[in-house]
């Protein structure tokens, strides 16, 4: 059994806007997303979320609120991606473009879903409305969702995290 790939995703919000980053290179290149990445050895999940936000946007979160857990399965890959989703509405610093991300504010009503990961349209409403959630998405390739489940949860600490794909890997 392969251990899950542990990742973070952080979003900076105001009551009317959300800060997204345009991915300039690497996994997800050409798409708008939150700020995040791998949890390094010896690093906490919260610590990784704060570090990635600062590295990719120039902002330092005063507080982070864990709002969701997303599991991603890519057909044929035995390793699941376990993504811990955070939001903040308290930060300091100046928005700065990095070599990986170009940050830009979007009005909540104009989020560019067509230029984002396909799954975002399902779980973003939960995140935007501060409703804790758990989601599982199976992708065939990088665009086609072949299975998804999304649940509102009361306590993210009670979510049972799967350690292997739903589908057998051939």
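Numbering (this note's numbering), first residue to last: 8 to 177.
Here a beta-carbon is modelled for each residue, glycine too, at the ideal position from N, C-alpha and C.
Once the 5 residues before and after residue 177 are set aside, which same chain residues still bring their CB inside 8 Å of it?
Against the chain shown, residue 177 aligns to sequence position 170. At residue 177, the pLDDT of 46 sits below 50, so the modelled position is not reliable; the number obtained from the coordinates is stated separately. So the list reads 83, once near-sequence residues are dropped.
Residue 107 beta carbon less than 9 Å from that of residue 54
Locating residue 54 in the chain shown gives position 47, where the first residue counts as 1. Locating residue 107 in the chain shown gives position 100, where the first residue counts as 1. No, the pair does not count as a contact, with Cβ atoms beyond the cut-off.
Which residues does DSSP pair with residue 52 in a beta bridge?
Indexing the chain shown from 1 puts residue 52 at position 45. Its beta-bridge partners do not exist; DSSP assigns none.
Between 152, 15, 118, which has its C-alpha nearest residue 77's C-alpha?
For the purposes of this step, residue 77 is taken as residue 70 along the chain shown, with counting starting at 1. Of 152, 15, 118, the residue nearest in Cα terms is 15.
Span separating the alpha-carbon of residue 141 from that of residue 41:
Walking along the chain shown from the start, residue 141 turns up at place 134. Walking along the chain shown from the start, residue 41 turns up at place 34. One C-alpha to the other measures close to 17 Å.
Entirely within the stretch 48 to 106 and at least 4 residues each: give me those alpha helix (DSSP H) ranges in chain order.
Taken in chain order, the unbroken stretches of alpha helix (DSSP H) that lie wholly in the stretch 48 to 106 and span 4 residues or more are 52 to 64.
Buried or exposed for residue 90, going by 16 or more other Cβ atoms inside 10 Å?
The sequence position of residue 90 within the chain shown is 83, counting from 1. Its Cβ being crowded by 16 or more others within 10 Å, residue 90 is buried.
Continuous alpha helix (DSSP H) stretch holding residue 146: start and end
As a first step, residue 146 is located in the chain shown; it is residue number 139 there, counting from the start. Note, residue 146: premise wrong, no alpha helix (DSSP H); beta strand (DSSP E) at 140 to 147.
Distance check for residue 92 and residue 52, CA to CA, integer angstroms please.
Translated into the one-based positions of the chain shown, residue 52 becomes position 45. Translated into the one-based positions of the chain shown, residue 92 becomes position 85. Separation of residue 52 and residue 92 (C-alpha to C-alpha, rounded to the nearest whole angstrom) is 10 Å.
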